Amino acid sequence: MNRRIISLNTSDEAFDLFQRLLTPVVVDVRGETVRIDIGDYVHLMDDEERVQRIRWIRETLVNPLEIRRSHLKSEPFGEVYINTIYEDEGDLQGRPFVVGVERRAGVLDFRTAFVPHPQYLQKAKKGKLIWKAKS
Amino acid sequence: MESKKLKVTYHRARDTLYLRTLPKRPATMDVTDYGFYIRYDWDNPDEIVGFEWLGFSAYINTLDEPGVIPELEMRFDIEGTNLKGLALKEVLRWAYHRYVLCDLTAELPEMREMVTEAAET
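The structure is reproduced here in C-alpha cells:
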C-alpha cells in the first residue's frame, strides 16, 4: 500500500487552501459528496495543529485507510474516515488523522477533523467498518 | 488546587462549544462515548489542554448522565470574567446560560451560586 505523504501547510496558506481544496464539496473515495462550507473553517482556524492540515482533510476523504460508522452514542449517523499520513519522505512513523462527517438525508456534511489521541483510535475501531482500502 | 485559565468560545452556527486552557497549545483529541471531545497536549498525552462539544445545546441536557463528560479534579478560571475555580460541569452550565440562552447575568456572583447549587442537586 502506498504511503500517503502530504506536507503541512502554513497558517497563512490555510484559508486559500480550504477554499480551493475543500469547498463547496469533496467527492470521497466511494464517490459520495461531502459538503464543506466556509463556516467549517471557523471550526479549524483556531487550532494550530488543525489549520496546518487542510491538505490532510482532503487526502483523508479521497484516500483513507478505512471508513467506519461512528461509535458515538451522540452521533448515530456519523461516519469516520481514518488515515495515516506522513509529512515527508523522511517521516517514517506518520500520524493518524481522522475526519468526521454526518449523513443527513443521504448527503454527507463535514463535522470535524483532528489528529487523534491513541485512545481515540481504539474506540473508533468499535464502529462498524463501512469501507477499507485494498492492501 | 491550581486553577487553569480557560478561554470559552461558542460557534452558534455549528452549535459547538470550544474550551481551551491558556496559553493555547496544539493537541491530539479523544472523545467520550457521548461525543464530548477532550484535547491532550501534543507533547504530553496525559495533560488535558481543552475540550470541545459538537451539538452543545442539543446535548447539554445529558450533562449529568454518567460518562458524558470526564470526571476531573481540574478547576478553571474563565477568561474575561470573575468566575474562578469552577469545575468542568460548572463551566458547561455557565456557557449554556451565557452563550445559548444569551443570559448576560451569567457572569454575576448570583449566577455562580446558581451554577453551584444546580450541580449539587
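As they're listed, the protein sequences go chains A and B. The first sequence: position 10 = 10 (my numbering), numbered continuously. For my numbering, add 1000 to where a residue sits in the second sequence, where the first one is 1. Every residue gets a Cβ at the ideal spot worked out from N, C-alpha and C, and that includes glycine. All figures in this text were calculated on a predicted structure; none of them were measured in a lab.
- Between T60(A) and N83(A), the gap from beta carbon to beta carbon is short of 7 angstroms.
- Closest in alpha carbon position to L129(A), among S135(A), V62(A), I6(A) and E66(A), is E66(A).
- For R1020(B), the uninterrupted beta strand (DSSP E) run begins and ends at T1016 to T1021, by DSSP.
- Rounded to the nearest whole angstrom, the CA to CA distance from T1032(B) to K1084(B) is 25 angstroms.
- Counting along the chain, the unbroken alpha helix (DSSP H) around H43(A) starts and ends at I38 to M45.
- Taking 8 angstroms as the upper bound on Cβ-Cβ separation, chain B lies near residues H71, L72, K73, S74 and E75 of the segment 70-85 of chain A.
- At a cut-off of 7 angstroms between C-beta atoms, Q119(A) counts as an interface residue with respect to chain B.
- Pairwise C-beta distances place the segment 116-128 of chain A out of contact with the segment 9-18 of chain A, as fewer than three of them are shorter than 8 angstroms.
- Bounds of the beta strand (DSSP E) holding F97(A) are R95 to R104.
- With respect to M1029(B), P116(A) sits close: the two C-beta atoms are nearer than 7 angstroms.
- Close to T1016(B), with beta-carbon spacing below 7 angstroms, are these residues of chain A in chain order: H43.
- Scanning E1052(B), E1079(B), Y1034(B) and T1105(B) for the CA closest to the CA of D1015(B) turns up E1052(B).
- DSSP places H1011(B) within a strand segment (E or B) once states are collapsed to three.
- Using a CB distance cut-off of 7 angstroms, P24(A) does not count as an interface residue toward chain B.
- Here the C-alpha atom of G31(A) lies approximately 23 angstroms from the C-alpha atom of Y41(A).
- DSSP, reduced to helix, strand and coil, places K1089(B) within a helical segment of the structure shown.
- Between Y1059(B) and S7(A), the CB-CB gap reaches or exceeds 7 angstroms.
- Partner residues in the beta bridge of D109(A), as assigned by DSSP, are R35(A) and E102(A).
- Of all residues in the segment 1024-1055 of chain B, those with a C-beta nearer than 7 angstroms to a C-beta of chain A are P1026, A1027, T1028, M1029, D1030, V1031, D1033, Y1034, G1035, Y1040, W1042, P1045, L1054 and G1055, reading in chain order.
- By the neighbour-count definition (other C-beta atoms within 10 Å, threshold 16), S1003(B) is an exposed residue.
- Counted as a single uninterrupted DSSP element, the stretch harbouring E59(A) is not any beta strand (DSSP E) but the alpha helix (DSSP H) occupying residues I54 to V62.
- Of E1065(B), T1062(B), F1056(B) and P1026(B), the smallest CA-CA separation from E1047(B) is found for P1026(B).
- The DSSP-derived three-state label of N1061(B) is helix.
- For E75(A), the three-state secondary structure derived from DSSP is coil.
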